[in-house]
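First up is the structure itself, then whatever we jot down about it.
Number of protein chains: 2
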Amino acid sequence: MTPAPATRPSASASASASASASASASAPPGARGELRIGDVARLVGTTPRTIRYYEEMGLLGEAATARPAGGHRLYTPDEVQWLRELIRLRDLLGVSLEQLGELVEAEAARALLREEWDRRQPGRERRREILLEALGHLDGQLELVRDRLGQLRTLEDELTERRRRVKARLRSP
Amino acid sequence: MTPAPATRPSASASASASASASASASAPPGARGELRIGDVARLVGTTPRTIRYYEEMGLLGEAATARPAGGHRLYTPDEVQWLRELIRLRDLLGVSLEQLGELVEAEAARALLREEWDRRQPGRERRREILLEALGHLDGQLELVRDRLGQLRTLEDELTERRRRVKARLRSP
DNA sequence: TAAGAACCTGACGTTGACGTAAAGATGATA
DNA sequence: TATCATCTTTACGTCAACGTCAGGTTCTTA
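Line by line, the protein sequences are chains S and G. The first sequence begins at 1 in the numbering used here and counts up by one. The second sequence begins at 1 in the numbering used here and counts up by one.
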């Protein structure tokens, strides 16, 4: 249901790709490509309530929490993508929201660091630090994913073996 | 919509094996290899309450539901194994107990058929029927498992790619 | 500018998957 | 045979992850 690979902008001042040509033929809500909570919910296949709940749980970083004038929440395409990833991890890894928070809290920190990165060029040493942290974070997620993959592969093997046996008995009574 | 992850705190206590170790200083409870609910719970890493709940939900077949004299539940090794599989599917696929029930309800039917198989030799035609049903059932499970596998592989690829980029930037600033 | 759609913040309700406590029956063991 | 661990049912409690309703505000559009 979510075919879009859409990798996170892992660094550099990319940011571009303003998805202004989004669905409905309406004026840009946030003067830029920002979307309102209802549209975001439809896009990622959830409800506004859930998004607010995730914010309450601290799963959406500072940026997504910040509120523009008027009090209505607005989300950049990056934030929408971030939400998608959260949901994907939730569904595929089957972790609780709290575990999910721990799992990605480094990611939130990374977003902050990225800002620092963009604004004032950090020194060589600082850059290394930031990149290493991102690396450790990715390794953490990868370990979880690979663990799951291993278990699922084992299960697949067992099921396949059973299937093979049933088929054998179908051929030779 | 949400598959609702298991509320269990620690992932898997497993601690399988030691099937005979528990029988070290105790007489066989069910005159055969049958175990009582507490032992079963320890073996599969859950609680008696959960096992009773699964029975209540109809996840344990007729056999496991049948009660010997005294009213205490007794489980054969096969039934213990069945419970293990249920828990594994629950954890790995992250499905609700209701979905789990649908997913394996054919399995329950299969258990009944197997009994029939053992007791009176079914005719060639009937055997075919039974085997074909088992096959369809296995295919159903396999499809779900493989679907999950595909999604997880995609996720792994994406994470690996990000990792690669971070490492590249670590080498060449 | 007036209406209606969408959003806001509480705050209480719901559902699934169990936990837990009570009061008594059963089983194993000394 | 007494004692104690384990089992039984019944029933209420809990926790996460939202759903839903109320009363008010903001946006968008005719």
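The C-beta atom is built at its ideal place from N, Cα and C for all residues, glycine as well. As the structure is a computational prediction, the values presented were derived from the model and not from experiment.
DSSP state of residue i mapped onto helix, strand, coil
| i | result |
| --- | --- |
| R169 (chain G) | helix |
| L159 (chain G) | helix |
| V95 (chain G) | coil |
| Q151 (chain S) | helix |
| Q141 (chain G) | helix |
| G123 (chain S) | coil |
| A111 (chain S) | helix |
| R164 (chain S) | helix |
Cβ shell of residue i (< 8 Å), same chain only, five flanking positions each side left out
| i | result |
| --- | --- |
| I87 (chain G) | V44, G45, T46 |
| T50 (chain G) | A41 |
| A208 (chain S) | Absent from the structure is residue 208 (chain S), since the part of chain S shown begins at 1 and ends at 173. |
| Y187 (chain S) | For residue 187 (chain S) there is no data in the structure shown, the boundaries of chain S being 1 and 173. |
| R32 (chain G) | T76 |
| T65 (chain G) | E55 |
| E127 (chain S) | With the sequence shown as reference, residue 127 (chain S) is identified as Arg, and Glu is not the correct amino acid for it. Excluding sequence neighbours, R127 (chain S) sits near W117. |
| A25 (chain G) | Legend: pLDDT at A25 (chain G) = 33, less than 50; position of this residue unreliable, value from coordinates given subsequently. Cβ within range, chain order: n/a, list empty. |
Exposure of residue i, with buried meaning 16 or more beta-carbon neighbours within 10 Å
| i | result |
| --- | --- |
| P77 (chain S) | buried |
| Q121 (chain S) | exposed |
| R164 (chain S) | exposed |
| L131 (chain S) | buried |
| E34 (chain S) | buried |
| R171 (chain S) | exposed |
| V166 (chain G) | buried |
| R67 (chain S) | exposed |
| Q81 (chain G) | exposed |
| R124 (chain G) | exposed |
| A168 (chain S) | exposed |
| G71 (chain S) | exposed |
| R148 (chain S) | buried |
| A134 (chain S) | buried |
| E102 (chain G) | exposed |
Neighbourhood of residue i by C-beta, 6 Å cutoff - its chain only, sequence neighbours within 5 removed
| i | result |
| --- | --- |
| R73 (chain S) | I37 |
| L97 (chain G) | M57 |
| R84 (chain S) | V44 |
| E79 (chain S) | A64 |
| V104 (chain G) | none |
Cβ shell of residue i (< 7 Å), same chain only, five flanking positions each side left out
| i | result |
| --- | --- |
| P48 (chain S) | I37, G38, A41 |
| A113 (chain S) | According to the sequence as given, residue 113 (chain S) is Leu; it is not Ala. So the qualifying residues of the chain are I130. |
| E116 (chain S) | P122 |
| L100 (chain S) | L59, L86, L89, R90 |
| E107 (chain S) | H137 |
Contiguous beta strand (DSSP E) assignments of at least 3 residues, all confined to the region 28-91 of chain S
none
Inter-stretch contact at 8 Å, needing at least 3 Cβ pairs: the region 141-158 of chain S / the region 148-159 of chain G:
yes
Can you find at least 3 beta carbon pairs, one from the region 126-138 of chain G and one from the region 159-169 of chain S, that sit closer than 8 Å?
yes
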